[in-house]
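Here's the structure we're looking at; comments come further down.
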Amino acid sequence: MLDINAFPGRVTCITGPEKNCGKTQFMNYLVQKLVRKGHAPAVMTAGYDGEARDLLNGTKKPSVYINPGTIVVTPERFLRTSTIFPEILEVVPGSTSLGNCCIARAQRAGTVILASGEGNSSITWTLTYLEENKLAHTVLIDGAFNRITQVSAWHNSQLVYVVRVDTVNVKKTIETLTRLLMLLSLNEASPELIDTETTFTMPDVLSLETIHAIPERIKTVILKDFTRVFLPYRELKSLLSEKQLMVLRKIPCAGIPVIVRGLSFKDFYDAVPDLPLKELIFSNPYQDS
Amino acid sequence: MHDDAWSFSQIDTFLQKLTPLSVWAKDEHAKCIVYTDRKKLETLYDDIDAVFASLEASPSSIAQDRISYHLKRLPRIPLTEKDTYEIIELFQFKKFLTNFRAICHEITPDIAERFALKPVAREATALLEQGGSDAETFFLADSYHPSLPEIRKRIVIVQELISKAKHTRDETILEQFDIALNEREFVIVDTSHVTENLTASPLVNLEPYDDNHFIVKPSLNAELIKLEQELEKLRNQEQLVEQEVITELSKVINTSLTEIHRAIEAIIRYDRARACALFITSYKLTRPCLSSNCLTLHDGRYIPCEEECTALGLAYTPLTISLQKNTTVLFGSNMGGKTVALKTLLFFQLLAQCGFFVPARSFETRVYKHIRYVGELYGERLTGLSGFGFEIWRFNSVWSQVDDGLIAFDEFARTTGSHEAEALLSAVVDAYRKKPAITSIFATHFRGIERYTDVYYIKMKGLNHEQAVACLDEHAPLKDRLMSINQHMCYAVCPDTGSDIQSDALAIADMLGADSTIIRAAQTIIQKRNTLTNENAGKLPCASS
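Chains as they are written, first to last, in the numbering used here: chain A, 1395 to 1683; chain B, 394 to 938.
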C-alpha cells in the first residue's frame, strides 16, 4: 500500500527497469495525491538521450499535469508549448540536446512535458538550488529507465520502482524484484567495520569485472550504497551465499507499484519470494481491485 | 608563445587565486593573456590601485559581500542581435541588468566613474522588470499587452468550468456504475463491472486491457468538448499575443545591445582588478615598475614554493636579485635553488605582464615581447629525439623566434659530455651577450665555462658545510635529512668571482645517505684534479668517518 506521508520533505526518484513501464503515469498520480494533501512538489525528470530522440521525432510523450505554484524543471521549449504560464526562476547550467533547462514556477494549472539532459551533476545542481532557495522541499524526479544510480545523487533521496508485468515477462520481473528486494535489505555498515581484516570496501561499483578484486579471505564487502551493485541476479545471489554485503548508506524505497496485465496482482505477489520489504510491492493505483 | 615559460613557472596555481567572480571576467582570465603593451599594463595596474584604494577607504564587508554576490549572479546573455529572443534569453537579460544595476548601486562613485559602472539600458530594464514576481524572475506579464489580462482571465474561468464539468461527470459515473475515478484520467476495472449499461453509456469509453479487465476512460461530452475547444482557442490567442510581446521586447533590447556590451566590458575590467586588489594585503602584493632595463627583484616570494615549504614545515627564503647586465650566469650546486630562482623570475615577469601586482617588496623590469624558457619540462617528450636532441630543438626555436625577450636557460647542455657542454654553453652565452634586446639568464652547475666581461656572474650561496655536518644524523629518515639540508642551505644570491670552487654536491649526497666509501673516493679524485690544475683543494668535509 502506498503511504503518501513518505513523500513530503524528500527527493523521490521514480524509476523502473524499462521504457514505458508507467513512471510518468505514476508520477501524475502521486502529484495529484500530494496536492490534495496540501503539498506542492517540484517535478523534474532525469532524461536520457533515447527519450530526447523520441521527443525530437515527435513520438508522443506523456505530459505531467501541474497545479499552480508547482516548480517544474524542463527545457524552455516545453515551457513555451505548455499551458502552465511559467515564471522562469533560473537556468540550469549546461545545455542539452533539447536546449537549456529552466527551473520555473507554474502560474496556472496545465500540462507540461518534462525532459532534461543526461548526468547526475545537473540533478545535483538543481536539487541544491531548490533547497538553498527554499523553492520546494518535496521533489519528484521521473527517472530515466534503468538509471537507478540517480537516486544516490542526493543525500535525502528515496526510490519508487515501477514495474510492468504481463504473462511474457513475469519470470524476468520476479527475478528483477527479488534482486531489488535483496539490495534494499542490505544492512548499513557501522564505522568500526570499515577497513578491518575481514572487510573490504569497494572503491567503486560491484560488477562482473570488479568482483575479482575482492580478496578470498574477505567476509564482508562494503559499498557506498545499493545502486553501486551491477551484478546480475544469479551472481548477486551467489555472492550473498558466500559473503555479507553491506552499505555505507541505506536508500529507502517508498514503494514498488506493479502494473499487471493478463494476470492478477495477487498471483504475481504470491509468486515473489517472501523476502524482507516485500510489503513495498503494491498494485497499480489506476486499477481497482 | 609563452607556453614553455608559463608551464615552467607554475603561474597557474597562483592565478587560480586571482580568478574573478563573474562568468565574463572568468572567461577573460582563462585566456591567460600576456600583454606586451606597456600602456595597457599601466592602465590595468591603475585599475587595481583604484579598486584597492576604494576598498581601503570604505572597508564595509557588507557592500563587498553584495558586490561579490551580484558578480557571481551575472548570467551569460546573447551577444548578437536577434529578431526575437527566447523567453529564457529575456530572463537572462533581465537577470543581467538587475545584477549589474545592483553592483553599480554598491560601488563608490569614483569606481563607478573610472570603470563606467553605471546602470544601462534603462528602458529595457524597466520593461523587463514588469515581468516577474521578483527582481530576477521573468514571465510575460499581463501588463505587456492590453488583451492579455482578459484572455488569461477567461482561460482560468474555462479551466475551472472544465474541472467542474469533469467532476460532475465523474460523480455521475460513480452514481450510475459504482466506478470511482477519484480524479484519475482512467481506471482499470474487472470485467464483472462491465455491464450492458456501462458499455452503452455515453459517459465512458471502454478499452480491453486484458482477458479479465477493461480500461474505463471518462469520455468528453458535448459541454466538455465545447469548453476544451474554447480553451484551445484562448490558448492560441494567448500565444499569438505573447509572440507579439516578445517581438516588441526584443526590439527594445536590440536598441540597448551596444550599451549592454559596454556594461560587460566594464564588468570584466572591474572584476579582474577587484580579484587582484582583494589579495594585495594578504599576499603583500606590490605594483610592478615597468620602466627599468635592469630586472630587479627585492624579496620576491615565489608563491607555489612558499606554500609548499609551509606545508612541509620548511623555511622559505624570498629571492632578491638584480640582473646587472643583459646576460647573467647563475651558478649553484644541486638542490641549491637555481631552478627555483629561474621559476621565480619567470613567475614574476609573467604575472606582471598579465596585468597583476606581484608578491614582492619591489619588482622593477620592462615589458618583453617574449618570455621563454629553455630546459626540461615535467612529462615532456618528443618522439625521435634524445634528451640532448630535445634540448637543441628547444634552443633552436627560441633562438629563431625571439628578438626581444626574457629567456631563462636551466642547465643548458647538461645532457651531453661536460667538456662539450661547457663549450656549447659558453658559445651560447657569448651569442646572447651580443643581443642587448634580450635579457637572458643561464642557470648551470658547470664551473668551467668561459667568463666574459659584460656578462654578470652570480651564484646561489649554497650549503653551510660546517653547520650541516655538525647536525647530521646518520640514522635519520629521508624527510628529516631533507629538512636538514633546507635548514643549512642558503638560498640567497651573491656575486660569483670565479675563485670559489667549493662543491656542495658531495656534501649533499653524503647528507642524503650515499655510501661513504663512494663519497671519499670522489673527494680523492677531486683533490687529485685540483692538484693537477694548481687550484686550491676544496674544503670537503667528510660527514662519515
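Even glycine gets a Cβ: it sits at the ideal position worked out from N, Cα and C. Quantities reported herein were computed from a predicted structural model and do not represent experimental measurements.
What are the uninterrupted segments assigned as beta strand (DSSP E) that are 3 or more residues long and contained completely in the segment 615-703 of chain B, given in chain order?
689-693
Mind pulling the chain B residues with CB within less than 9 Å of residue 1480 of chain A?
Numbered from 1 along the first sequence, position 86 holds the residue referred to as residue 1480 of chain A. 480, 532, listed in chain order.
Would you identify the three-state DSSP class for residue 1516 of chain A, choosing helix, strand or coil?
Residue mapping note: residue 1516 of chain A aligns to position 122 of the first sequence, counting from 1. Three-state result, residue 1516 of chain A: helix.
Contained alpha helix (DSSP H) runs [length at least 4] in the segment 831-876 of chain B, N- to C-terminal order
858-864
At a Cβ threshold of 8 Å, is residue 681 of chain B touching chain A?
Position 288 of the second sequence, counting from 1, holds the residue named residue 681 of chain B. Chain A, which has no Cβ nearer than 8 Å to the Cβ of residue 681 of chain B, makes this no.
Quick check on the DSSP output: the beta strand (DSSP E) that includes residue 1468 of chain A runs from which residue to which?
Translated into positions along the first sequence, residue 1468 of chain A becomes position 74. Residue 1468 of chain A -> beta strand (DSSP E) spans 1465-1469.
Where do the N-terminal and C-terminal ends of the beta strand (DSSP E) with residue 610 of chain B fall, by residue?
Residue 610 of chain B sits at position 217 when you count from the first residue of the second sequence. Run containing residue 610 of chain B: 606-611, per the beta strand (DSSP E) assignment.
Quick one: measure Cβ to Cβ for residue 817 of chain B and residue 806 of chain B, integer angstroms, because I've assumed they're closer than 8 Å.
As a position in the second sequence, residue 817 of chain B is number 424, starting the count at 1. As a position in the second sequence, residue 806 of chain B is number 413, starting the count at 1. That pair is a contact at about 5 Å.
Members of the segment 1405-1422 of chain A that neighbour chain B once the beta carbon cut-off is set at 8 Å
1422
Which ranges does the alpha helix (DSSP H) cover as unbroken runs of at least 4 residues, wholly within the segment 1560-1648 of chain A, from first to last along the chain?
1564-1578, 1627-1636
Counting only Cβ-Cβ distances shorter than 8 Å, please list the residues of the segment 458-481 of chain B near chain A, keeping chain order.
468, 479, 480, 481
For residue 482 of chain B, does the three-state DSSP call read helix, strand or coil?
For the purposes of this step, residue 482 of chain B is taken as the residue at position 89 of the second sequence. Helix at residue 482 of chain B.
State buried or exposed for residue 440 of chain B, treating a residue as buried only when at least 16 other CB atoms are found within 10 Å of its CB.
Here residue 440 of chain B corresponds to residue number 47 of the second sequence, with the count starting at 1. That one is buried.
Could you tell me the alpha carbon to alpha carbon distance between residue 1610 of chain A and residue 1594 of chain A, rounded to whole angstroms?
Residue 1610 of chain A sits at position 216 when you count from the first residue of the first sequence. Residue 1594 of chain A sits at position 200 when you count from the first residue of the first sequence. Their backbone Cα atoms lie some 10 Å apart in a straight line.
Applying the 10 Å Cβ sphere with the 16-neighbour rule, what's the burial state of residue 1405 of chain A?
Within the first sequence, residue 1405 of chain A is the residue found at index 11, counting from 1. Residue 1405 of chain A should be labelled buried.
Could you pull out every residue in the same chain whose Cβ sits closer than 8 Å to the Cβ of residue 590 of chain B, ignoring the five residues on either side in sequence?
Taking the second sequence and counting its residues from 1, one reaches residue 590 of chain B at position 197. Within the same chain, residue 590 of chain B has close Cβ partners 569, 570.
Same chain, Cβ closer than 8 Å to residue 1678 of chain A, five either side skipped, listed in chain order
Position 284 of the first sequence, counted from the start, is the residue given in the question as residue 1678 of chain A. So the list reads 1416, 1651, 1652, 1653, 1654, 1659, once near-sequence residues are dropped.
Going along the chain, which residues of the segment 572-596 of chain B sit with their C-beta nearer than 7 Å to a C-beta in chain A?
576, 577, 579, 580, 581, 582
Strictly by DSSP, which residues pair up with residue 723 of chain B?
Locating residue 723 of chain B in the second sequence gives position 330, counting from the first residue. BP columns for residue 723 of chain B point to B:836, B:851.
Unbroken alpha helix (DSSP H) run spanning residue 523 of chain B, endpoints
Residue 523 of chain B sits at position 130 when you count from the first residue of the second sequence. Run containing residue 523 of chain B: none; DSSP gives neither H nor E here.
Contacts of residue 552 of chain B in chain A (Cβ-Cβ under 7 Å):
Working through the second sequence from its first residue, we reach residue 552 of chain B at position 159. Correct list: 1503.
Under a Cβ-count criterion, where at least 16 other Cβ atoms within 10 Å of its own Cβ denotes burial, should residue 635 of chain B be classed as buried or exposed?
As a position in the second sequence, residue 635 of chain B is number 242, starting the count at 1. Buried is the call here.
For the pair the segment 599-609 of chain B and the segment 644-655 of chain B, tell me if three or more CB-CB distances fall below 8 Å.
no
Determine the DSSP secondary structure at residue 437 of chain B, reduced to helix, strand or coil.
Indexing the second sequence from 1 puts residue 437 of chain B at position 44. Of the three classes helix, strand and coil, the one that applies to residue 437 of chain B here is helix, per DSSP.
Give the residues of chain B in contact with residue 1483 of chain A, contact being defined as C-beta atoms less than 7 Å apart.
Start at 1 with the first residue of the first sequence, and residue 1483 of chain A comes out as number 89. Per Cβ cutoff of 7 Å: 530.
Please list, in chain order, all residues of the same chain as residue 474 of chain B whose beta carbon is under 8 Å from its beta carbon, the five residues on each side excluded.
Locating residue 474 of chain B in the second sequence gives position 81, counting from the first residue. The answer, listed in chain order, is 647, 650.
Taking a contact to mean a Cβ-Cβ separation below 8 Å, would you say residue 1500 of chain A touches residue 1478 of chain A in this structure?
Numbered from its first residue, the first sequence carries residue 1500 of chain A at position 106. Numbered from its first residue, the first sequence carries residue 1478 of chain A at position 84. Yes, the Cβ-Cβ distance between residue 1500 of chain A and residue 1478 of chain A is below 8 Å.
Quick one: is residue 1516 of chain A buried, meaning 16 or more other Cβ sit within 10 Å of its Cβ, or exposed?
One-based indexing of the first sequence puts residue 1516 of chain A at position 122. Residue 1516 of chain A is buried by the Cβ-count criterion.
Quick check for students: name the residue ranges of the beta strand (DSSP E) that lie wholly in the segment 499-586 of chain B, counting only runs of 3 or more.
580-583
When we look at the beta-carbon of residue 539 of chain B and count the other beta-carbons within 10 Å, is it buried (16 or more) or exposed?
By 1-based counting over the second sequence, the position of residue 539 of chain B is 146. Classification for residue 539 of chain B: exposed.
Listed by chain order, chain B residues near residue 1655 of chain A by CB distance under 7 Å
Position 261 of the first sequence, counted from the start, is the residue given in the question as residue 1655 of chain A. Chain B residues near residue 1655 of chain A: 602, 603.
Using the C-alpha atoms, what's the distance from residue 529 of chain B back to residue 959 of chain B?
As displayed, chain B neither begins before 394 nor continues past 938, which places residue 959 of chain B out of reach and without an answer.
8 Å contact criterion, which residue 620 of chain B and residue 554 of chain B should meet: CB distance rounded
Against the second sequence, residue 620 of chain B aligns to sequence position 227. Against the second sequence, residue 554 of chain B aligns to sequence position 161. Correct: roughly 5 Å between the Cβ atoms.
Three-pair Cβ contact test at 8 Å for the segment 749-757 of chain B versus the segment 665-684 of chain B:
yes
Leaving aside the five residues before and after residue 438 of chain B along the sequence, list all residues of the same chain whose C-beta is less than 6 Å from its C-beta, in chain order.
Your numbering for residue 438 of chain B matches position 45 in the second sequence. Result list for residue 438 of chain B: 680, in chain order.
Which listed residue (A:1529, A:1568, A:1410) has its alpha carbon closest to that of residue 1668 of chain A
Within the first sequence, the letter at position 274 stands for residue 1668 of chain A. Of A:1529, A:1568, A:1410, the residue nearest in Cα terms is A:1568.
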